[in-house]
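All remarks here apply to the structure that follows.
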Amino acid sequence: MAGPPPESPFSSPFSFDPAAAGSPPVPPSAGPPTGAASAGLPVVGRRSLLAGLICAAAMAVAGFPLGLLWAAVAPHIDLANALAGNESAFAVQSDVDARFGLICVVAGVIGGAAAFWRVRDAGWPVPLGLAAGGFGGALIAGWIGHLRRSSAALHGLPKDASPVLVDLVDVRVRAHGLYLVMPVAALVVLAVALWVTSWPAARGRSRGDRRPRLLGAEPPGPGPAGAGPGTAAGAGPAARGPAMGRPGVGGPGIGIAGDSDGAGETAGEPPGRDVP
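The opening position of the sequence shown corresponds to residue 1 in UniProt numbering, with each subsequent residue numbered one higher.
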């Protein structure tokens, strides 16, 4: 039978074997994390992603009725005063933007409340969907309102109207920052609702270890059934060690059977026998 191969005289006596040291081997297929893990976001399931997509789609689709509502409630420009050069006729442009912003605020509050009510535990896809869908819905609302009111407003202008007059009479959202009102309102409502509802849970977790004692519940038992407090399983008070004899009866180390009728008798002696 062939023995182990001879060691090389040039081999180092301090060689290190990673497998022998217990180091886990690195899989060759392991690569850098991708997707949400590489971006620092927690990994979520398909239901959470679906909830985010639904929030984005709902906020975007809401832009169509919001645009129609804005076109219906926006004030009209007095073309007669505008053509006469009266600058007060163009003061209604601020009211047009203000009503658009108010509509977006109400829509954002409703969207954030609905998202908190239905999918508040879905994770980061929900606020992301509210932000993207809310911005898209605001753009759609402004576009729909412009299509509904712009043609009627420009139809009353003369054909030789200046481009400046056409731009002033045109019905559109002039303050572009109003497009961010709906997504910001939805995110604020969702964040505040999540923050407020987290208070009772936080208090319950912090007081969970003290609640049984405050309610008067008994502490857990010391061990299995039959085990006395502070003793091993199956050991009673007699198993703690040799009992000391009472004064005047027996010497040190002599156990006493009890203090009943057989008082004064040593352990192991039959009843009725005097101790020498």
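Heads up, the beta-carbon is just placed ideally off N, CA and C, and yes, glycines get one too.
Q. Can you find a C-beta in chain B that's less than 8 Å from the C-beta of L139?
A. This model lacks chain B altogether; it includes just one protein chain.
Q: Give the straight-line distance between the Cα atoms of G108 and V169, rounded to the nearest whole angstrom.
A: Sequence index remark: in the sequence shown, residue 108 carries index 108 (1-based). Sequence index remark: in the sequence shown, residue 169 carries index 169 (1-based). If you take the alpha carbons of G108 and V169, they lie about 29 Å apart.
Q) Could you check where the alpha helix (DSSP H) with D95 kicks off and where it finishes? A) Stepping through the sequence shown from its first residue, residue 95 is reached at position 95. Start and end: 92 to 119.
Q: Following the continuous alpha helix (DSSP H) through R148, name the residue where it begins and the one where it ends.
A: What you label residue 148 is simply residue 148 of the sequence shown in a count that begins at 1. Start and end: 125 to 155.
(Q) Buried or exposed, going by whether 16 or more other CB atoms sit within 10 Å of the CB of A51? (A) Within the sequence shown, numbered from 1, the residue matching residue 51 stands at position 51. Burial call: buried.
Q) Between the region 99 to 106 and the region 164 to 178, do three or more beta carbon pairs fall short of 8 Å? A) yes
Q) Is it a yes or a no for the region 146 to 156 touching the region 180 to 188, going by three-plus beta-carbon pairs under 8 Å? A) no
Q. Grouping DSSP H, G and I as helix and E and B as strand, with all else coil, what is V44?
A. For the purposes of this step, residue 44 is identified with residue 44 of the sequence shown, where counting begins at 1. Collapsing the DSSP output to three states places V44 in coil.
Q: Return the residue from the list V189, S198, T197 that minimises the CA-CA distance to A114.
A: On the sequence shown, residue 114 is found 114 positions in, with the first residue counted as 1. Selection V189, S198, T197 evaluated against A114 yields V189 as nearest (Cα-Cα).
Q: For my contact list, G134 and A186 are in at a C-beta cut-off of 8 Å; report their separation, rounded to the angstrom.
A: Indexing the sequence shown from 1 puts residue 134 at position 134. Indexing the sequence shown from 1 puts residue 186 at position 186. At roughly 5 Å, the Cβ-Cβ gap stays under 8 Å, so G134 and A186 are in contact.
Q: Express the C-alpha separation of C104 and A74 in angstroms, rounding to a whole number.
A: Within the sequence shown, numbered from 1, the residue matching residue 74 stands at position 74. Within the sequence shown, numbered from 1, the residue matching residue 104 stands at position 104. Each residue's Cα considered, the two are about 13 Å apart.
**Q.** Under 8 Å between C-beta atoms of G112 and L139
**A.** Position 112 of the sequence shown, counted from the start, is the residue given in the question as residue 112. Position 139 of the sequence shown, counted from the start, is the residue given in the question as residue 139. No, they are not a contact pair.
(Q) So, with DSSP's three-state summary, where would you put L214? (A) In the sequence shown, the residue the question calls residue 214 occupies position 214. For L214, the predicted structure reports a pLDDT of 39, less than 50, and the residue's modelled location is therefore unreliable. A value from the coordinates is still provided. Here L214 sits in helix by DSSP.
Q. Residues in its own chain within less than 8 Å of I54 by CB, not counting five upstream and five downstream?
A. As a first step, residue 54 is located in the sequence shown; it is residue number 54 there, counting from the start. Only V119, G129 meet the Cβ criterion.
Q. In its own chain, which residues sit with a C-beta less than 6 Å from the C-beta of A71, not counting the 5 before and 5 after it?
A. The residue given as residue 71 occupies position 71 in the sequence shown. Cβ within range, chain order: G145, R148, R149.
Q) Count the other CB atoms within 10 Å of the CB of G45; is the residue buried (16 or more) or exposed (fewer)? A) Counting from 1 along the sequence shown, the entry for residue 45 is found at position 45. Classification of G45: exposed, given that the 10 Å Cβ count is below 16.
Q: Whole angstroms is fine: what's the gap from V166's alpha carbon to A91's?
A: In the sequence shown, counting from the first residue as 1, residue 166 sits at position 166. In the sequence shown, counting from the first residue as 1, residue 91 sits at position 91. Take the alpha-carbon of V166 and the one of A91: they are about 15 Å apart.
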